[in-house]
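Undergrad: Numbering (the working numbering), first residue to last: 171 to 372. Attaching a single structure in structure tokens format; questions to follow.
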């Protein structure tokens with residue numbers, strides 16, 4: 171783990187010094203994770219691709235100001251979440267939110283399966299086999315507030331520790347734990363009508 175952190179730091183420092191290959195390697199390393207967060211929050215393939223691109227443009231512009239007080243990926247995730255929140259707010263102001271958008275769902279089920287299996291206690295193979303359940307799960311995610319949907323994605327899909335989530339969102343660890351508890355409960359309540367199983371809040 172230590173060598174990975176050191177390798178990442180060296181990559182970042184090279185990129186900060188103007189090494190384009192190093193920056194490209196950072197993009198390759200994190201582009202899927204950034205897209206996963208964007209898709210989890212935006213639920214639209216094209217919007218997620220556009221915002222992901224905006225994220226890396228901002229990273230490129232401000233990388234020289236990154237001071238290593240936090241890990242690079244924490245800094246990157248913070249930018250990603252903020253970009254998504256900004257996009258959602260602008261989209262809502264334009265009244266262009268489409269809650270029935272199904273574009274890209276067949277190609278982006280990994281994160282959905284992780285939320286289903288971890289939050290609902292279902293095995294991933296059962297989740298994948300139940301397409302209708304997955305579709306209903308996506309609708310249930312849309313009913314969550316912005317803050318609850320975001321914290322579920324960071325914890326259940328990206329696997330961030332409570333401390334890392336606190337750093338990304340700028341909140342306390344206690345708030346993370348409380349918000350995650352309520353996010354899981356709200357999600358379970360939203361989806362349980364589609365399930366014949368008893369759900370237990372973690």
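Virtual Cβ for every residue (Gly too), placed ideally from N, Cα, C. None of the values given here were measured: they were computed from a predicted structure.
Taking one C-beta from the region 224 to 232 and one from the region 315 to 332 each time, how about it: are there three or more such pairs within less than 8 angstroms?
TA: no
Undergrad: Could you give the DSSP three-state label for residue 329: helix, strand or coil?
TA: coil
Undergrad: Short of 8 angstroms in beta carbon distance, which residues of its chain neighbour residue 186, apart from the five on each side in sequence? Order them along the chain.
TA: 233, 234 and 236
Undergrad: Report the residue from 308, 324, 329 and 242 whose alpha carbon sits nearest the alpha carbon of residue 178.
TA: 242
Undergrad: Can you tell which of 192, 210 and 324 has its C-alpha closest to the C-alpha of residue 311?
TA: Comparing Cα positions, the closest option is 210.
Undergrad: Determine the closest residue to residue 196 out of 325, 245 and 313, with distance taken between C-alpha atoms.
TA: 245
Undergrad: Counting C-beta neighbours from all protein chains within 10 Å, is the total for residue 191 16 or more, i.e. buried, or is it exposed?
TA: By the C-beta density criterion, residue 191 is exposed, having fewer than 16 other C-beta atoms within 10 angstroms.
Undergrad: Within the continuous alpha helix (DSSP H) that includes residue 226, where are the two ends?
TA: 215 to 232
Undergrad: With DSSP as the reference, label residue 189 as helix, strand or coil.
TA: Three-state DSSP puts residue 189 in coil, outside helix and strand.
Undergrad: Rounding to the nearest angstrom, what Cα-Cα distance links residue 308 and residue 357 in this structure?
TA: C-alpha separation (whole angstroms): 10 angstroms.
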